[in-house]
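Please read the structure below before turning to the comments.
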Amino acid sequence: MVSRSLEKMMLIAIGLTAVVIVGVPVLMFAIETLNTSARLEMASEAAQELLNATDLVDTGQLNDTTIHIRIPTGVSISSEGSTLTILFVTPDGTQTTWSNTFTHLVFIDPIDEAGEYYFYIHMVEGAVQIDEVVPMTV
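First residue of the sequence shown: 242, per the working numbering; consecutive thereafter.
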């Protein structure tokens, strides 16, 4: 005959095991969701700053400017013709894009690595040139 206190301990152990088995994956999912949200916010801020600075040079409000932005994991920056595009891809494949078409052609070497970047944005022979000045790893 099993004592009542042993039965209670076994039920508690089974209950705690179930909580851990179910709770840990839910907790990990929640943490990943928070991380993705933070990277999306950082990507949005970087995209807006880059697009705004490029617009100031494109419209002639500034001759040139240097900006410092932090690019999170999952972001790529590219240009085609007069369109500058910043793309953020989450671990599950969801894509968010920020893009703007400017009056002048836009040139930038494609970037797809996370890090802190300084960009020098200026006009070169009638086109907006975005040069990476100093990349630093995060």
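Quick reminder that beta carbons are idealized off the backbone N, C-alpha and C, glycines included.
Near Thr295, which residues of its chain fall below 8 Å by C-beta distance, leaving aside the five closest residues on each side in sequence?
Here residue 295 refers to the residue found at position 54 when the sequence shown is read from its first residue. Counting only Cβ-Cβ distances below 8 Å, and skipping sequence neighbours, we find Leu325, Asn341, Phe343, Val347, Ile362, Val369, Ile371.
Give the DSSP bridge partners of Met364, in chain order.
As a first step, residue 364 must be located in the sequence shown, where it is residue number 123. DSSP output for Met364 lists Val369 as bridge partner(s).
In its own chain, which residues sit with a C-beta less than 6 Å from the C-beta of Ala355, not counting the 5 before and 5 after it?
Along the sequence shown, one-based indexing puts residue 355 at 114. Within the same chain, Ala355 has close Cβ partners Ile312, Pro313, Thr314, Val379.
Given this structure, state the Cα-to-Cα distance separating Asn293 from Phe329, to the nearest angstrom.
For the purposes of this step, residue 293 is taken as residue 52 along the sequence shown, with counting starting at 1. For the purposes of this step, residue 329 is taken as residue 88 along the sequence shown, with counting starting at 1. Computed Cα separation, rounded: 18 Å.
Spatial neighbours of Gln289 in its chain, beta-carbon cut-off 8 Å, leaving aside the 5 residues before and after
Position 48 of the sequence shown holds residue 289. Around Gln289: Trp339.
Note down the Cα distance separating Gln336 from Ile272, rounded to an integer number of angstroms.
For this step, residue 336 is matched to residue 95 along the sequence shown. For this step, residue 272 is matched to residue 31 along the sequence shown. Cα to Cα, the separation comes out at about 20 Å.
Got a sec, what are the start and stop residues for the alpha helix (DSSP H) Thr344 sits in?
As a first step, residue 344 must be located in the sequence shown, where it is residue number 103. Where Thr344 is concerned, there is no enclosing alpha helix (DSSP H), given that its DSSP letter is neither H nor E.
Pick helix, strand or coil for Asp333, following the three-state DSSP scheme.
Taking the sequence shown and counting its residues from 1, the one referred to as residue 333 is at position 92. It is coil, neither helix nor strand.
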